[in-house]
Structure formats: C-alpha cells, structure tokens
Amino acid sequence: MVQALSQRVLVGDGANGTGLQRLGYHRQPYDLAVLEAPDLVMAVHREYAEAGADFVETNTFQANEVRLGALEIDLDLLNRRAAELANAAAPGKYVLGAIGPCGKPIEPIGTVTREQAADAFRRQATALVSGGVDGFMLETFVDLDELEIAVRAVREVADLPIFVSKAFIEDGEMLAQGFPVECAKRMDALGVAALGANCIVGPQRMLDLVRMLGEGASETPILSFPTPGMPQLVKGVVTYDTAPDYFARACRRLVEEGARVIGGCCGTTPDHIRALRKEVDQASAKPKPKAKASARSQTERVLKTSEPSQFQGKLGKTFVSAVEMDVPRGLNLDKLIAGAAKLKAAGVDVINISDGARARLRMNPTAVATLIQTQVGIETTMHFSCRDRNLLAIQADLLGAHALGIRNILAVTGDPANIGDYPSATSVFDIDAIGLVRILSRFNDGIDLAGYSVGVKCAFTVAAAYNPCAMDQAVEDERLSRKADAGVHVVYTQPVFSAEDAERAAEAGAKHGIPVLVGVLPLRNQRHCEFMHNEVPGISVPDSLRAAIAAAADDAEAQQVGLRAARALAESVKACAQGIYLMPPFGNPEVALDVLEAIR
Numbered sequence: 000m001v002q003a004l005s006q007r008v009l010v011g012d013g014a015n016g017t018g019l020q021r022l023g024y025h026r027q028p029y030d031l032a033v034l035e036a037p038d039l040v041m042a043v044h045r046e047y048a049e050a051g052a053d054f055v056e057t058n059t060f061q062a063n064e065v066r067l068g069a070l071e072i073d074l075d076l077l078n079r080r081a082a083e084l085a086n087a088a089a090p091g092k093y094v095l096g097a098i099g100p101c102g103k104p105i106e107p108i109g110t111v112t113r114e115q116a117a118d119a120f121r122r123q124a125t126a127l128v129s130g131g132v133d134g135f136m137l138e139t140f141v142d143l144d145e146l147e148i149a150v151r152a153v154r155e156v157a158d159l160p161i162f163v164s165k166a167f168i169e170d171g172e173m174l175a176q177g178f179p180v181e182c183a184k185r186m187d188a189l190g191v192a193a194l195g196a197n198c199i200v201g202p203q204r205m206l207d208l209v210r211m212l213g214e215g216a217s218e219t220p221i222l223s224f225p226t227p228g229m230p231q232l233v234k235g236v237v238t239y240d241t242a243p244d245y246f247a248r249a250c251r252r253l254v255e256e257g258a259r260v261i262g263g264c265c266g267t268t269p270d271h272i273r274a275l276r277k278e279v280d281q282a283s284a285k286p287k288p289k290a291k292a293s294a295r296s297q298t299e300r301v302l303k304t305s306e307p308s309q310f311q312g313k314l315g316k317t318f319v320s321a322v323e324m325d326v327p328r329g330l331n332l333d334k335l336i337a338g339a340a341k342l343k344a345a346g347v348d349v350i351n352i353s354d355g356a357r358a359r360l361r362m363n364p365t366a367v368a369t370l371i372q373t374q375v376g377i378e379t380t381m382h383f384s385c386r387d388r389n390l391l392a393i394q395a396d397l398l399g400a401h402a403l404g405i406r407n408i409l410a411v412t413g414d415p416a417n418i419g420d421y422p423s424a425t426s427v428f429d430i431d432a433i434g435l436v437r438i439l440s441r442f443n444d445g446i447d448l449a450g451y452s453v454g455v456k457c458a459f460t461v462a463a464a465y466n467p468c469a470m471d472q473a474v475e476d477e478r479l480s481r482k483a484d485a486g487v488h489v490v491y492t493q494p495v496f497s498a499e500d501a502e503r504a505a506e507a508g509a510k511h512g513i514p515v516l517v518g519v520l521p522l523r524n525q526r527h528c529e530f531m532h533n534e535v536p537g538i539s540v541p542d543s544l545r546a547a548i549a550a551a552a553d554d555a556e557a558q559q560v561g562l563r564a565a566r567a568l569a570e571s572v573k574a575c576a577q578g579i580y581l582m583p584p585f586g587n588p589e590v591a592l593d594v595l596e597a598i599r
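Numbering that gives the first Met the number 0 puts the first residue of the sequence shown at 0, with every later residue one more than the last.
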C-alpha cells in the first residue's frame with residue numbers, strides 16, 4: 000500500500016454511517032451493524048469499491064473499549080468481523096482498520112488514563128489485524144496527545160501502514176496563526192504513512208488546511224477527507240445536500256494542492272466517490288510540489304494578557320475573607336445584593352456564588368456574579384460545575400464569564416442531578432474539577448482545549464475545593480496534588496469545625512505552595528448540627544460542640560453556641576491559613592460579620 004501511495008493518488012471511500020442510514024439501518028452507533036446487519040455493511044463496502052475507491056475502511060470508528068465498553072458486546076469479535084466483511088465485500092481493494100478517539104477526554108483533562116486509552120487502542124488494533132486489515136486509519140482525532148498514544152499503541156501490535164487524521168475547524172484566526180502547520184509537524188514526527196485532516200469542513204474550506212498541512216509535513220503524503228459541505232437537521236436526521244459533481248471538482252483542487260490520499264467523510268456517498276474517481280484520474284489533476292513553510296507559520300503571535308483580579312493580587316500577601324451568599328429561587332436578588340453591599344462595606348474581599356449546589360434550580364451564577372460586581376462593586380468567586388455542560392458549553396461559558404469581568408472561578412465537579420429538583424435531568428460530567436482546572440489554565444495561556452487561540456491570555460484566578468476530613472483522605476490528597484499540577488492558584492476547603500482540621504488543611508496547601516481559605520460554617524441549632532455531622536459526607540462536628548449545642552435551652556441559645564465556636568475557629572484559621580471562607584446559614588451577612596469581628 001505504501002508503494003502504491005508513492006506512485007499515485009489514492010482514493011478512499013465515503014461515510015459508512017451515511018451508507019448504512021441510506022440502506023435503512025438507523026441504530027447508533029453504526030458500528031453495531033457489523034454484528035446486527037452484516038449484509039448491509041458489506042453492501043456499503045461493495046458500493047464504494049465499485050465506485051472506484053482504492054481502499055475501504057472498516058465500520059469500526061467507535062468500536063473501542065472506552066467508548067462502547069458499557070454496551071457489553073464482544074468488541075474483539077466486532078472488530079475482527081468488520082475487517083473480514085470489508086475484505087469479502089471489496090476483493091482486490093486495500094482495507095484500512097478505522098480507529099477513532101476514545102470518545103471521552105483523557106487525562107489530564109478527563110478521567111480516562113493514558114494507559115486505559117492505550118489498552119483500548121491496542122485491543123482494537125489486534126482484533127482488526129486478526130480480521131486481515133492492510134493498515135489503519137486513525138481519524139477524527141482532536142487531541143494530538145491522544146493521537147500519539149493511539150499510534151504508539153497500534154505499533155506495539157502491528158507493523159502495518161498507519162494513516163492519521165485530525166479534525167480541524169476552518170477558522171480565520173486559527174489559519175492566520177499557522178495552527179495546522181504545527182499540528183502537521185507533530186503528526187509528521189510520528190513517522191506515519193500519511194497525515195491530514197478529515198470531517199467538520201467541506202472541500203472548499205479544506206483547501207487552506209491542505210496547504211498548511213503540506214507546509215508542516217516533511218515528505219509525508221497529505222490526506223484529506225472532507226464532508227460534502229455543511230450539514231442540516233431534517234426530521235431528526237443529519238443530512239447533506241451537496242451535489243457529487245461539485246464535491247468532486249472541489250476535491251480535485253485539494254489534489255492539485257498536494258493531497259495524495261483523498262476521500263469523503265460524513266455525508267459522502269458512492270456517487271460522491273464515483274465522481275471523485277473521475278476527477279482524480281484526469282491527467283491535469285497532478286499534485287504540485289509542497290510549499291515551503293511560510294513566515295506566517297513560523298511566527299508565534301504575541302497575545303495580550305488580561306488584567307487579573309484584585310483578589311489574586313492579595314493571595315499570600317494578606318489574610319483574605321470570602322463569604323458565600325445563597326442565591327434565592329427565582330429572579331428577586333434584592334436581598335442578595337443588599338447583603339453583598341453590607342459585606343463590602345465591612346471590608347470583605349470577595350463574595351462566593353455557588354453553581355446549582357445540591358442540583359437545585361437557581362439563577363445562572365454568571366448572571367448573579369456579574370450583577371454583584373456591577374451593582375455592588377465587590378469581586379466575586381463564581382463556582383463553576385461540570386454537571387450541566389459538555390466540553391463545548393464549558394469553554395463557551397467560561398469565555399463569556401471572562402468577557403463580563405469575572406476572573407475568580409472555583410472549579411467543582413458538581414452534585415449529580417438525581418439528588419436535586421429535577422432528578423430525571425441528565426448529568427453531563429464530560430470532565431471533573433481537575434479537567435476544568437486544566438481548561439482554565441489553558442485559557443490563561445491563550446488557547447482552548449483543542450489548541451486554538453482565544454485571542455488573549457485570560458486572567459482567571461483558578462480555585463479548587465479540598466476537604467481535610469474526606470471519607471478517603473488519600474484520594475482527596477491525591478486529587479489536590481493533581482489540581483495543583485493543573486494550575487490551581489488558591490484552595491477553598493469544605494467547612495471544618497476544629498482547629499486541628501483547619502491546620503491540616505493549611506498544611507496540605509503549603510505542601511503545594513498554594514494559599515488556603517479554610518471553610519467556617521456557623522451552626523444555627525441542633526438539627527443543623529446533626530444534619531451536617533450525620534448526613535453530609537466528609538463533614539465531622541466534634542463531639543464536644545455537638546454536646547454543647549444539644550444542651551442549649553432553645554434554638555437562640557444554640558445559635559450563640561455555634562457562633563462562639565465559629566469565632567474561636569476563625570482565630571485559629573487566621574493563625575494558620577491565608578484566608579477564611581465563611582458559609583453563614585442562608586447567606587446571612589450579619590452572621591458572617593459577627594464571625595469576622597472576632598479576627599479584626
């Protein structure tokens with residue numbers, strides 16, 4: 000196959016999923032058709048082979064353990080059978096084993112470890128080899144680190160040609176900064192048989208990508224598998240209506256710009272490949288020599304750095320105070336705004352705003368934080384949960400918050416939706432708090448998760464949570480270490496109720512060189528005390544304090560006991576930590592000020 004590639008342009012197939020959909024198979028993922036409708040899978044391969052494709056790809060894009068392991072199907076059988084079906088349906092054609100990304104973010108952004116990803120790729124490649132593939136197509140990767148893991152894993156089990164392809168957006172800012180050139184250099188360094196781009200964009204928008212990929216690669220052939228154009232949703236089905244003749248003519252330009260492997264991605268059909276074959280076979284469609292790396296691609300753009308928060312400037316230099324305010328249900332924030340104004344007047348440094356704590360319906364924290372900052376003039380620390388947003392929405396919302404002047408973000412994984420107001424709502428959890436810290440750190444470097452520039456270097460103060468009384472303290476400490484490595488600037492602790500716990504939290508932060516704001520929650524009565532101790536995981540109220548509150552004559556006296564304990568604890572916090580994080584019941588500013596008075 001490598002020899003054939005050195006002699007001519009290779010034409011690949013089109014979209015397996017589109018072909019199966021056209022033949023009446025609609026179950027997702029389409030990989031399942033290998034076991035459920037093998038005759039249809041063979042029909043799709045046969046049509047592409049008859050249309051003139053030099054090679055077909057197995058119907059296994061998603062068939063890895065990380066992505067489909069929960070389905071409890073025999074993935075080894077699926078991959079092996081997919082290769083056998085492709086060989087049987089397209090005799091005389093090359094067969095490439097299609098391998099896509101894990102489908103979940105890998106560490107350090109996500110929770111899938113690098114070894115888990117590598118194991119999944121090794122297992123899939125092994126099964127594809129047993130089915131008789133001639134090589135591999137590693138396609139639609141966004142994360143180049145994951146692509147490198149995949150290439151290395153495949154090489155461990157097979158000595159066959161590997162084609163690699165990244166999914167790019169077509170974006171003027173991205174192109175202007177030479178991002179595809181840098182990606183091509185990384186892919187080229189892997190020593191693969193061909194490298195390029197696929198999916199997302201049509202052939203016309205793929206043109207600049209092919210040019211720039213050619214600049215970044217050495218002598219490695221360039222691959223291009225565009226979609227037919229822009230998709231649209233018709234009756235719940237994603238469809239494309241680009242004419243095959245137009246697609247083929249536009250792809251011919253890709254060949255003229257240097258593409259040596261050409262085919263189609265989502266939405267392409269045998270008609271598109273048949274027309275493409277004719278264009279490629281024309282004598283005038285000769286690849287031109289690769290362009291030399293342009294000055295544009297060699298010049299690193301200097302990004303402006305945003306203005307950081309005043310809160311960040313105080314960290315580690317002075318003892319700071321943060322107070323969490325409760326966001327009420329509905330739209331009336333008058334009480335919250337008035338409380339924030341009172342806290343500002345008393346010298347509080349920052350107001351904390353939670354993000355749907357306990358999965359309760361509250362106003363969007365970005366709106367609340369913005370209103371407080373603009374109407375009161377005090378900075379906020381906005382909690383940001385991973386529960387309700389996918390990776391796209393997480394990044395979009397963070398950029399929006401930054402544009403509105405919100406700089407302090409407390410990254411939290413979030414409580415699952417099934418414990419809140421709408422237990423049937425879907426919890427997303429694409430990433431956890433550690434991955435969120437990584438994203439914030441990348442924004443501070445001026446790039447998003449995919450490596451695209453965001454135009455400026457953001458100035459987020461990245462905060463993370465820590466519990467010195469966790470049920471599994473070893474796990475909690477290990478997560479703090481990972482958060483520190485990801486770029487955390489400050490730690491907020493869960494509420495503690497003893498000086499010993501406060502000191503342990505401060506020591507944990509000091510170990511990583513991170514300022515710690517110790518959480519203090521004044522208990523208001525016996526019910527509140529027993530609830531916190533018995534029903535909230537990772538919270539421990541000392542027996543002596545529980546007994547003192549229980550001995551109070553009434554709730555008013557119990558509240559005074561709780562306040563005295565909080566004042567005493569605040570003094571201990573000031574002696575060992577860099578700040579205090581007050582969580583007054585119901586966000587009561589008077590209670591917060593009562594405790595703060597003890598350390599003024």
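For every residue, glycine included, the Cβ atom is placed at its ideal position computed from N, Cα and C.
These figures come from a predicted structure and were not determined experimentally.
{"Asked": "The stretch 418 to 427 in contact with the stretch 362 to 381 per 3-pair CB rule at 8 Å", "Found": "no"}
{"Asked": "Asp-144 to Pro-541 span [Cα, whole Å]", "Found": "47 Å"}
{"Asked": "Under 9 Å between C-beta atoms of Asp-12 and Glu-64", "Found": "no"}
{"Asked": "Residue span of the alpha helix (DSSP H) that contains Phe-246, given as start and end", "Found": "243 to 255"}
{"Asked": "Spatial distance of Gly-109 from Thr-412 (CA atoms)", "Found": "11 Å"}
{"Asked": "Sequence-distant residues of the same chain with beta carbon closer than 6 Å to Leu-520, five excluded per side", "Found": "Pro-494, Met-582"}
{"Asked": "Coil, strand or helix - Gln-309 by DSSP", "Found": "helix"}
{"Asked": "Cβ-based neighbour list, Ala-166, same chain, cut-off 6 Å, excluding 5 preceding and 5 following", "Found": "Thr-139, Val-141, Cys-198, Ile-199"}
{"Asked": "Under 9 Å between C-beta atoms of Gln-20 and Gly-315", "Found": "no"}
{"Asked": "Straight-line gap, Lys-510 to Ala-483 (C-alpha atoms, nearest Å)", "Found": "10 Å"}
{"Asked": "Where Lys-303 falls, given that 16 or more other Cβ within 10 Å makes a residue buried", "Found": "exposed"}
{"Asked": "Nearest residue (CA-CA) to Arg-79, options Leu-448, Leu-70, Thr-57", "Found": "Thr-57"}
{"Asked": "Inter-residue Cα distance where the pair is Pro-225 and Pro-179", "Found": "15 Å"}
{"Asked": "Status (buried if at least 16 other CB within 10 Å, exposed otherwise) for Ala-48", "Found": "buried"}
{"Asked": "For Asn-587, three-class secondary structure by DSSP", "Found": "coil"}
{"Asked": "Residue range of the beta strand (DSSP E) that includes Asn-363", "Found": "Unbroken run through Asn-363: none, as it is neither H nor E."}
{"Asked": "Three or more C-beta pairs below 8 Å linking the stretch 457 to 465 and the stretch 429 to 448", "Found": "yes"}
{"Asked": "Bounding residues of the alpha helix (DSSP H) (the contiguous stretch that carries Ala-82)", "Found": "74 to 88"}
{"Asked": "Extent of the continuous beta strand (DSSP E) to which Phe-604 belongs", "Found": "Since the first residue shown for the chain is 0 and the last is 599, residue 604 is missing from the structure and cannot be characterised."}
{"Asked": "Separation of Tyr-93 from Tyr-29, as counted between CA atoms", "Found": "21 Å"}
{"Asked": "Beta-carbon proximity list for Gln-2, same chain, < 7 Å, skipping 5 on both sides", "Found": "none"}
{"Asked": "Inter-residue spacing [alpha-carbon to alpha-carbon] between Val-163 and Val-153", "Found": "12 Å"}
{"Asked": "Exposure of Ser-571, with buried meaning 16 or more beta-carbon neighbours within 10 Å", "Found": "buried"}
{"Asked": "Nearest-angstrom Cα separation, counted from Ile-513 out to Arg-121", "Found": "39 Å"}
{"Asked": "One or two residues paired with Pro-494 in a DSSP bridge", "Found": "Gly-518"}
{"Asked": "Leu-9 versus Ala-193 - alpha carbon distance", "Found": "11 Å"}
{"Asked": "Assigned secondary structure, Ser-423 (DSSP; H/G/I helix, E/B strand, else coil)", "Found": "coil"}
{"Asked": "Strand pairing of Ser-384, partner residues [DSSP]", "Found": "Val-411"}
{"Asked": "Cα-Cα separation, Val-455 to Arg-437", "Found": "17 Å"}
{"Asked": "Counted within 10 angstroms of its Cβ, other Cβ atoms place Pro-536 as buried (16 or more) or exposed", "Found": "exposed"}
{"Asked": "One or two residues paired with Gly-228 in a DSSP bridge", "Found": "BP columns for Gly-228 are empty, so no partner."}
{"Asked": "Pair within 9 Å by beta-carbon distance, Glu-147 and Leu-189", "Found": "yes"}
{"Asked": "Cβ-based burial, Phe-585 [other Cβ within 10 Å; buried from 16]", "Found": "exposed"}
{"Asked": "Reduced DSSP secondary structure (H/G/I, E/B, other) of Asn-58", "Found": "coil"}
{"Asked": "Rounded straight-line distance, which links the Cα of Cys-385 to that of Arg-273", "Found": "45 Å"}
{"Asked": "Euclidean distance between Cα positions of Gly-508 and Ser-480", "Found": "9 Å"}
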